[in-house]
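Protein chains: 2
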Amino acid sequence: MEKLYVIKIGGNIIDNEEALSKFLNDYASLQAKKILIHGGGKVATDISAGLGIEAKMVDGRRITDAETLKIVTMVYGGLINKRVVAALQARNCNAIGLTGADANIIKSSKRPVKNGIDYGFVGDVENVEAQTLATLINAGLYPIIAPLSHDGQGNMLNVNADTMASVTSVALSKIFEVHLIYCFELKGVLENFEDKNSVIAEITPSKYLDLKEKGIISKGMIPKLDNSFDAIQAGVTTVRICHADDLKKIINEQAVQGTVLKK
Amino acid sequence: MEKLYVIKIGGNIIDNEEALSKFLNDYASLQAKKILIHGGGKVATDISAGLGIEAKMVDGRRITDAETLKIVTMVYGGLINKRVVAALQARNCNAIGLTGADANIIKSSKRPVKNGIDYGFVGDVENVEAQTLATLINAGLYPIIAPLSHDGQGNMLNVNADTMASVTSVALSKIFEVHLIYCFELKGVLENFEDKNSVIAEITPSKYLDLKEKGIISKGMIPKLDNSFDAIQAGVTTVRICHADDLKKIINEQAVQGTVLKK
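Protein chains in written order, with our numbering: chain A, 15 to 277; chain B, 15 to 277.
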């Protein structure tokens, strides 16, 4: 099977013009089939504030009421997605911006109210049309996916970008040899959060359990790692968590960088 | 050559939920290859006002400064485009939302300052990648295009939706038998603007000159008609200007509706 890189770029990189520009240089220079999934960043919060809409968070997740859904659809699907696409086009990378609604690539269902928490217009992914994505990729296009989906009944839904990267990777692993790379502002999963160089080079499922028990894995990292191990179990070849600056080195296999997750 | 409908829907229909919903029902039911190009509507102005950014207009065209460009990228490329895509997906139409930057389908250059007027980030279309659009269409997808383009240097540009419909139709006329239909809130080109039923059934280039000389064609209609006659000269088979409600009748060729433009 042909290699396909699914690369997720976090909101903190999106918010930093210089870091984003460097990342996009490296992304554009990667000569392989690839998909980019981007997070949201702070812009949605800033625009909401400008319009007098207050962002509501529960457990680090945005509560998406109807007004917030409009904002994230505009900001993630319009402003950020098109900024990335135009920047990649300028770098001779034939990017095509998509949400899950476009070509019906990622369909979700509205998350049910649980423990009294109504997340609002937040989606849990139900289906990824891997064949449609493969058609676009095989036509020489590079999909750039915003963390938005739809419910098939006319509503857009906000989706966690990490989860989106993971389920998309799993679906594509039936067609490609998929390498999922989470790029963010840290060098990898850290042994000690105060020491930004204390990268754990490799994590297996048993080591993961151990690290969680010892409280070494930080709370914010757990959903990302849960997603990653699910993806590996379901057919993704490798998952790596690394600094956005290290993408090029990783792809050129020049050096061990970041944290690799293994079966 | 196979028939392709390029349908442009005006901002006044986009702004009217009921009219839009009816139009999308008819659009989804149209069993043919098709592209939809949508205008902007008032939402961008409302959002700008909410953020304290004042819309500047010259000759009915929005002056697009950097802040306004952000707003129209969000609103046209995000909010409106994805609302239409999700609504069509709910109607079993496999819509894919695009701007000119996506897959590089429509590239523009920033309009030069002329007669002391700097339109800002407004693009004049330079190139349409008809083959890429044909690849998407032949894959069973229905492109929904927002009135936005890019300059190939990383900048998005605001483009007039009527012009976009016309130049896209011309480019696609090398591959398909193209029928361009402008759908808006009037029944066609009117003989007397006060009488909404005074539709001129057919306009030829010589009749057009005559109508302009007599001052019968309203100012707002002239760019649309100029674009249309350019499109016909350049290979588009028919251009029709009609009410959004009449799309279905026209396509089923049940009755003469709206204004037809002929060589």
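Note that CB positions come from ideal geometry on N, CA and C, so glycine has one too.
For residue i, return the contacting residues in chain B, with the cut-off set at a CB-CB distance below 8 Å.
i, result
"A/Ile110", "Leu112, Asp116 and Ala117"
"A/Gln103", "Ala115, Asn118, His164, Gly166 and Gly168"
"A/Leu186", "Those within 8 Å of A/Leu186 in chain B number zero; the least Cβ separation is about 17 Å."
Assuming residue i contacts residue j (C-beta within less than 8 Å), just tell me the rounded distance between them.
i, j, result
"B/Asn169", "A/Ala100", "6 Å"
"B/Glu208", "B/Ile214", "Actually they are not in contact, since the Cβ atoms of B/Glu208 and B/Ile214 sit about 15 Å apart, beyond 8 Å."
"A/Ile264", "A/Ala175", "Actually they are not in contact, since the Cβ atoms of A/Ile264 and A/Ala175 sit about 19 Å apart, beyond 8 Å."
"B/Gly53", "B/Ile28", "6 Å"
"A/Ala279", "A/Thr59", "It is not possible to answer for residue 279 of chain A, since the shown part of chain A is limited to 15 through 277."
"B/Ala292", "B/Val142", "Outside the shown range of chain B, which is 15 to 277, sits residue 292 of chain B, and nothing can be said about it."
"A/Ser242", "A/Leu275", "5 Å"
"A/Thr82", "A/Ile67", "7 Å"
"A/Ile246", "A/Lys210", "Not really, about 26 Å apart at Cβ, beyond 8 Å."
Please state the DSSP three-state secondary structure of residue i.
i, result
"B/Tyr156", "strand"
"B/Val173", "coil"
"A/Glu32", "helix"
"A/Leu275", "strand"
"A/Asp60", "helix"
"B/Ser183", "helix"
"A/Ile279", "Here chain A covers residues 15 to 277 and nothing more, so residue 279 of chain A does not appear."
"A/Asp79", "coil"
"B/Lys233", "helix"
"A/Glu227", "helix"
"B/Lys188", "coil"
"A/Val86", "helix"
"A/Ala109", "strand"
"A/Tyr222", "helix"
"B/Arg125", "coil"
"A/Lys210", "coil"
"B/Phe37", "helix"
"A/Phe198", "strand"
"A/Gly130", "coil"
"A/Val203", "coil"
"B/Thr251", "coil"
"B/Asn266", "coil"
"B/Gly137", "strand"
"B/Ile94", "helix"
"B/Leu44", "coil"
Report yes or no: is there a C-beta of chain B within less than 9 Å of the C-beta of residue i?
i, result
"A/Gln45", "no"
"A/Ala80", "no"
"A/Gln271", "no"
"A/Ile159", "no"
Beta-carbon of residue i versus every beta-carbon of chain A: anything under 9 Å?
i, result
"B/Arg97", "yes"
"B/Ala248", "no"
"B/Thr149", "yes"
"B/Ile131", "no"
"B/Ile281", "Since the first residue shown for chain B is 15 and the last is 277, residue 281 of chain B is missing from the structure and cannot be characterised."
Residues of chain B with CB closer than 7 Å to the CB of residue i, please, in chain order.
i, result
"A/Ala100", "Ala115, His164, Gly168, Asn169 and Met170"
"A/Thr87", "Gly92, Leu93 and Lys96"
Please compile the residues from chain A whose C-beta is within a distance smaller than 8 Å of the C-beta of residue i.
i, result
"B/Lys84", "Leu93"
Cutting at 6 Å between CB atoms, please list the residues of its own chain near residue i, excluding the five before and the five after it.
i, result
"B/Gly134", "Ile77, Thr78 and Asp79"
"B/Thr252", "His193"
"A/Asp224", "none"
"A/Ile159", "Ile51 and Leu112"
"B/Ile195", "Ile21 and Arg254"
Here's a check: name, in chain order, each residue in its chain whose Cβ is nearer than 8 Å to the Cβ of residue i, leaving out the five neighbours to either side.
i, result
"A/Asp165", "Lys121, Ser122, Ser123, Lys124, Gly137 and Leu171"
"B/Lys56", "Gly25 and Asp29"
"A/Pro237", "Asn174, Asp176 and Thr177"
"A/Gly154", "Asn108"
Note down, in chain order, every chain A residue with its Cβ under 9 Å from the Cβ of residue i.
i, result
"B/Ala153", "Ala117, Thr146, Thr149, Leu150 and Ala153"
Whose C-beta lies closer than 7 Å to the C-beta of residue i among residues of the same chain, with five residues either side of it excluded?
i, result
"B/Ile61", "Ile85 and Val89"
"A/Asp244", "Ser180"
"A/Ile23", "Phe37, Leu50, His52, Gly53, Cys197 and Ala258"
"B/Glu16", "Lys47, Phe190 and Glu191"
"A/Arg105", "Leu38, Asn39 and Ala42"
Which residues in chain B have a C-beta closer than 9 Å to the C-beta of residue i? List them in chain order.
i, result
"A/Gly64", "Gly64, Leu65 and Gly66"
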